[in-house]
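Engineer: Heads up: the sequence shown at position 304 corresponds to 818 in my numbering, and the numbers run straight through without jumps. Heads up, the beta-carbon is just placed ideally off N, CA and C, and yes, glycines get one too. Since this is a predicted model, take the numbers as computed values, not measurements.
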Amino acid sequence: MSHNELSAVTLGGKGSSLSSSSVYATATGQAQIRIDSSALDRLSSTPSLKQKITIPEFLTLEETRAFLTVLLNKLLLCNSSKQFPLWISESLNSNRKSFQFEEEFDVTKDEHSLLINNECSAVLGVSSVLEYQSAVLSVFADVAAAFSCEALKADVTVFNLMDSGDGHSSKEEVAVASDMRTLLNGSKFVGKEKVPSIVKIRKVHGIIRKNVKSVHSTMRVELNSGHKLGEIELGSEHDVCTVLLPLAMALRELGEFSFARAQSNLSAIGSEDLKSSIGEIFGKQCPTDASLISSFNESLHLYSGRVYDKFAHEINVLFRLVWKIVAWELVTAYAVLEAADLNEKIGNVRENGETSKVDKKKKKAVLGKGTSSILALIKDRLQSEKKSDAENSRLLETWVADFLSFLDLAKLEFNEFLLKVKDVLESNESRRLPKLPKGTRDFSKEQMTIRKEAFSVIEEVFERHGATALDTPVFELRETLMGKYGEDSKLIYDLADQGGEQLSLRYDLTVPFARFVAMNGLPSLKRYQIAKVYRRDNPSKGRYREFYQCDFDIAGPSENMAADFEVVRVLTELLEELKIGDFEIKLNHRKLLDGMMQICGVPPEKFRTICSSIDKLDKQPFEQIRKEM
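#1: What separation, rounded to the nearest whole angstrom, lies between the Cα atoms of Asp-956 and Thr-982?
#2: Taking 8 Å as the cut-off, decide whether the C-beta atoms of Arg-1161 and Asp-1008 are in contact.
#3: Taking 6 Å as the limit between beta carbons, can you name the residues of its chain near Ile-602, skipping five residues before and five after?
#4: How long is the line joining the alpha carbons of Leu-573 and Thr-540, rounded to whole angstroms?
#5: In angstroms with no decimal places, state the Cα-to-Cα distance between Glu-905 and Asn-857.
#6: Which runs of the beta strand (DSSP E) spanning at least 3 residues fall entirely within the region 922-992, listed in chain order?
#7: Can you give me the Cβ contacts of Ala-776 inside the same chain, cut-off strictly under 6 Å, excluding the 5 residues immediately before and after it?
#8: Tell me the DSSP secondary structure of Leu-675 in three-state form.
#9: Please go through the same chain and pick out, in chain order, the residues whose beta-carbon is closer than 6 Å to the beta-carbon of Val-831, but skip the five residues on each side of it.
#10: Which ranges does the alpha helix (DSSP H) cover as unbroken runs of at least 4 residues, wholly within the region 674-734, from first to last along the chain?
#11: Take every Cβ of the region 1055-1074, pair it with every Cβ of the region 1027-1045, and state whether three or more of those distances are shorter than 8 Å.
#12: Which partner residues does Glu-1015 have in the DSSP bridge list?
#13: Measure the C-alpha to C-alpha separation of Val-690 and Met-676 and round it to an integer number of angstroms.
#14: Comparing alpha-carbon positions, which option in Glu-1080, Glu-940, Leu-1023 and Asp-1022 lies nearest Phe-976?
#15: Comparing alpha-carbon positions, which option in Arg-695, Val-704 and Arg-548 lies nearest Cys-663?
#16: Can you confirm whether the region 931-939 touches the region 887-896 when touching is taken to mean that 3 or more C-beta pairs between the two stretches lie within less than 8 Å?
#17: Counting only the same chain and skipping the five closest in sequence on each side, list residues whose C-beta sits under 7 Å from that of Gly-720.
#18: Can you find the residues in the same chain that come closer than 7 Å, C-beta to C-beta, to Glu-812, ignoring five residues on each side of it along the sequence?
#19: Does His-1103 have its Cβ less than 8 Å from a Cβ in chain D?
#20: Who are the near neighbours of Glu-1049 in its chain, counting only those whose CB is closer than 7 Å to its CB and skipping five residues on each side?
#21: Quick one: residues in its chain with C-beta nearer than 6 Å to the C-beta of Glu-767, no 5 flanking neighbours on either side, listed in chain order?
#22: Tell me the residue span of the alpha helix (DSSP H) that contains Tyr-1048.
#23: Can you give me the start and stop residues for the beta strand (DSSP E) that Lys-564 sits inside?
#24: So Leu-503 packs on Gln-1043, CB below 8 Å; how close in whole Å?
#25: I'd like to know whether the C-beta atoms of Val-584 and Ala-649 end up nearer to each other than 8 Å.
#26: Just to confirm, are Ser-652 and Met-733 a CB contact at a threshold of 8 Å?
#27: Apart from the five residues just before and just after Glu-1142, which ones in its own chain have a Cβ nearer than 6 Å to its Cβ?
#28: Considering only the alpha carbon of each residue, which of Leu-761, Ser-595, Glu-633 and Ala-668 lies closest to Arg-647?
#29: Going by the CB atoms, is the gap between Thr-885 and Ala-658 shorter than 8 Å?
#30: For Ala-545 versus Val-523, is the C-beta distance shorter than 8 Å?
#31: Beta carbon of Ala-849, beta carbon of Ile-792: below 8 Å?
#32: Using only CA atoms, which one of Gly-700, Thr-671 and Ser-533 lies nearest to Leu-644?
#33: Below 8 Å on the Cβ atoms is my contact criterion, and I expect Ile-712 with Ala-764 to pass it. Report the Cβ-Cβ distance as a whole number of Å.
#34: How would you write the range of the alpha helix (DSSP H) that Phe-1097 sits in, first residue to last?
#35: In angstroms, rounded to a whole number, what distance separates the CA positions of Ser-902 and Asn-779?
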């Protein structure tokens, strides 16, 4: 797509949804609005009221365009007329510089409700811009930090974090560490200097990524909710701002550490003239950590007062401060690493007109594979002809302004740069180490020793009670497994068809045992099996897709409660002999649980789903389970 060609964001189509990136594209004028013809065909209500569009006066032009985009999408989801959505679409596409509307519009009842309660659309519009920008910042901040690592000759062993697969490490921190290793791979600049603001990169940047994901999950729902309209939709602002608050905290922290690295970079510039000149511009133009605290405190005050639209706007103000600081971090790191070239190109002129001399013979150290590729992209953008001495007096200021202008994320030029940065991160495979699939883990030497001892104790208890060992295939015929697990059937791993048989990995050890008993016509059997099973799930922290089950089953006739008692006794014995400390055994009764749900009015087809939620009560907070149910 060329610089002058605009993309289109289509609203109202069947199955279509509005994303934060689309809202941002229309907010910055990078895309035009197109209303799907099928949406217009559905809109047939006749206006019966009159109402003005009131735009909060504190919104910027970009935020106002985002607000109108969200409002338009909400109108297409409700019982609206054709005229009003078309008018908003035309206004956005006309590239206006102002959106102050004095006239009253003919509107339907639903349109009137949305316009009266416009705080929700304002919050969602600004939050969409924030979500997209913060996602970009999470990448850009890593790049600036990587250059700082080299500029400060910092110890980067903190980035040697790997995913253990046991759920005990933050996925976001692992991802940040992996990207930083990719950027710094092969660098001869990084050293042994312990820099506190470098040590914090992994955790602080990981928290940003985590909060961006949280905001994204909420925005994806709220932007496209059509079942809550007008006055009923007052809860959306609170839901969105609840996830914006942690993002604001993360932004402030990222800005503070980035500012500390930028100051350290300034101190590390080798040329005193260059250090003094850039330091002077930095002091005038770069926001300070005090400004971050002030903006954050203001947003906190607005959140406490439930002024949600201003709260979202203030976080956007905070974001712009953080972005400027991170941009300055990159500028100062560049000045450290390219001081010689800067002096040569800019001809840093002293007051007496003499140009400072630079030792060109000094051999340059090697940057990381990732940072060297990105540096080449930046140099290519900043290439300029050497100017005369008469023009050099303000050339450094011009160079800084040009650099900062290039780092404006609202410009298509920066987006193209960002795509190339992502290509560098994704294509630099020589440094990217293999990683475990999600929901699996390796067992190291120490863990294998513990597992071997535990299994030995468990097997001894099973055999003491007369159970015989049984081993079954890791996969079964798909028809054997399907239909045995109800709603959980969707969690079964299917294998590619080989030899004309549909096969699946075993979900547990009970169905294979039942198949073995039935196939061999056994009247009774007491058996145990310790083996791996597989669940095609999206596991939460501490849960796995591949894990061991230790099964003890009694098939066949027995005295009343005898088998049940023996199973509980076996469990008690093995837990005692494993010496895990105090434990509590909880017995369930599915029929009692189903009866409770029936009394509560739960439809029978939802019993399994609700049971799955109840099963998580010992792992997740009650409020989260309640929301899930």
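Structural biologist: Per the coordinate set shown:
#1: As a first step, residue 956 is located in the sequence shown; it is residue number 442 there, counting from the start. As a first step, residue 982 is located in the sequence shown; it is residue number 468 there, counting from the start. Near 29 Å, if we compare the C-alpha coordinates of Thr-982 and Asp-956.
#2: In the structure displayed, the chain extends from 515 to 1143; residue 1161 sits before or after that span and is not available.
#3: Start at 1 with the first residue of the sequence shown, and residue 602 comes out as number 88. Apart from the 5 residues on each side of it in sequence, Ile-602 sits with its Cβ closer than 6 Å to the Cβ of Leu-582 and Leu-586 in its chain, given in chain order.
#4: In the sequence shown, residue 573 corresponds to position 59, counting from 1. In the sequence shown, residue 540 corresponds to position 26, counting from 1. Using only the alpha carbons, I get a separation of about 15 Å.
#5: Against the sequence shown, residue 905 aligns to sequence position 391. Against the sequence shown, residue 857 aligns to sequence position 343. With a pLDDT of only 49 at Glu-905, under the threshold of 50, the placement of this residue in the model should not be trusted, and no figure is reported.
#6: Taking only runs of at least 3 residues, the beta strand (DSSP E) segments lying wholly in the region 922-992 are 989-991.
#7: The residue labelled residue 776 in the question sits at position 262 within the sequence shown. Cβ contact annotation for Ala-776 (same chain, cutoff 6 Å, sequence separation greater than five): Trp-842, Glu-843 and Thr-846, in chain order.
#8: Position 161 of the sequence shown, counting from 1, holds the residue named residue 675. In the three-state reduction of the DSSP assignment, Leu-675 falls in the coil class, being assigned neither a helical nor a strand state.
#9: By 1-based counting over the sequence shown, the position of residue 831 is 317. For Val-831, where only same-chain residues beyond five positions count, the Cβ hits under 6 Å are Ser-809.
#10: List check, alpha helix (DSSP H) in window: 685-698 and 710-713.
#11: Contact between the region 1055-1074 and the region 1027-1045 is established, with three or more Cβ pairs separated by less than 8 Å.
#12: Counting from one through the sequence shown, the residue named residue 1015 turns up at place 501. Partner(s): Gln-1012.
#13: Taking the first residue of the sequence shown as 1, we reach residue 690 at position 176. Taking the first residue of the sequence shown as 1, we reach residue 676 at position 162. So the alpha carbons of these two residues sit roughly 11 Å apart.
#14: Position 462 of the sequence shown, counted from the first residue, corresponds to residue 976. The candidate whose alpha carbon is nearest that of Phe-976 is Glu-1080.
#15: As a working note, residue 663 is residue 149 in the sequence shown. Residue Val-704 is the option with its Cα nearest to Cys-663.
#16: Taking 8 Å as the limit for Cβ pairs, the verdict is that the region 931-939 does touch the region 887-896.
#17: Residue mapping note: residue 720 aligns to position 206 of the sequence shown, counting from 1. Listed in chain order, the non-local C-beta contacts of Gly-720 below 7 Å within the same chain comprise Ser-684, Glu-686, Glu-687 and Val-690, local neighbours out to five positions each way being set aside.
#18: Taking the sequence shown and counting its residues from 1, one reaches residue 812 at position 298. Hits under 7 Å: Glu-828.
#19: Among the protein chains of the structure shown there is no chain D, as only one such chain exists.
#20: Within the sequence shown, numbered from 1, the residue matching residue 1049 stands at position 535. This sequence places Arg at residue 1049; Glu is not what is there. Excluding positions up to five away in sequence, the list reads Leu-1005, Tyr-1021 and Arg-1059.
#21: The sequence position of residue 767 within the sequence shown is 253, counting from 1. Once the five neighbours on either side are set aside, the close Cβ partners of Glu-767 are Val-718.
#22: Here residue 1048 corresponds to residue number 534 of the sequence shown, with the count starting at 1. From DSSP, Tyr-1048 is part of no alpha helix (DSSP H) but of the beta strand (DSSP E) over 1039-1048.
#23: Taking the sequence shown and counting its residues from 1, one reaches residue 564 at position 50. Unbroken beta strand (DSSP E) run through Lys-564: 563-565.
#24: The question about residue 503 has no answer, for the chain in this structure spans 515 to 1143.
#25: Start at 1 with the first residue of the sequence shown, and residue 584 comes out as number 70. Start at 1 with the first residue of the sequence shown, and residue 649 comes out as number 135. Between Val-584 and Ala-649, the C-beta spacing is not below 8 Å.
#26: In the sequence shown, residue 652 corresponds to position 138, counting from 1. In the sequence shown, residue 733 corresponds to position 219, counting from 1. Annotated as distal: Ser-652 and Met-733, with beta-carbon spacing of 8 Å or more.
#27: Sequence index remark: in the sequence shown, residue 1142 carries index 628 (1-based). So the qualifying residues of the chain are Ser-1127.
#28: Against the sequence shown, residue 647 aligns to sequence position 133. Note that residue 647 is Gln in the sequence shown here, rather than Arg. If we check each option's Cα against that of Gln-647, Leu-761 comes out closest.
#29: The residue you call residue 658 lines up with position 144 of the sequence shown. The residue you call residue 885 lines up with position 371 of the sequence shown. No; because the gap between Cβ atoms is not below 8 Å, this pair is not in contact.
#30: Your numbering for residue 545 matches position 31 in the sequence shown. Your numbering for residue 523 matches position 9 in the sequence shown. Going by C-beta atoms, Ala-545 is nearer than 8 Å to Val-523.
#31: Residue 849 sits at position 335 when you count from the first residue of the sequence shown. Residue 792 sits at position 278 when you count from the first residue of the sequence shown. If you check the CB distance, Ala-849 and Ile-792 come in under 8 Å.
#32: Here residue 644 corresponds to residue number 130 of the sequence shown, with the count starting at 1. Answer by Cα proximity: Ser-533.
#33: Start at 1 with the first residue of the sequence shown, and residue 712 comes out as number 198. Start at 1 with the first residue of the sequence shown, and residue 764 comes out as number 250. Incorrect: roughly 18 Å between the Cβ atoms, too far for contact.
#34: Residue mapping note: residue 1097 aligns to position 583 of the sequence shown, counting from 1. First-last for Phe-1097: undefined, no H or E at that position.
#35: As a first step, residue 902 must be located in the sequence shown, where it is residue number 388. As a first step, residue 779 must be located in the sequence shown, where it is residue number 265. With a pLDDT of 48 at Ser-902, under the threshold of 50, the modelled position of that residue is not reliable, and the figure given next carries that caveat. Each residue's Cα considered, the two are about 29 Å apart.
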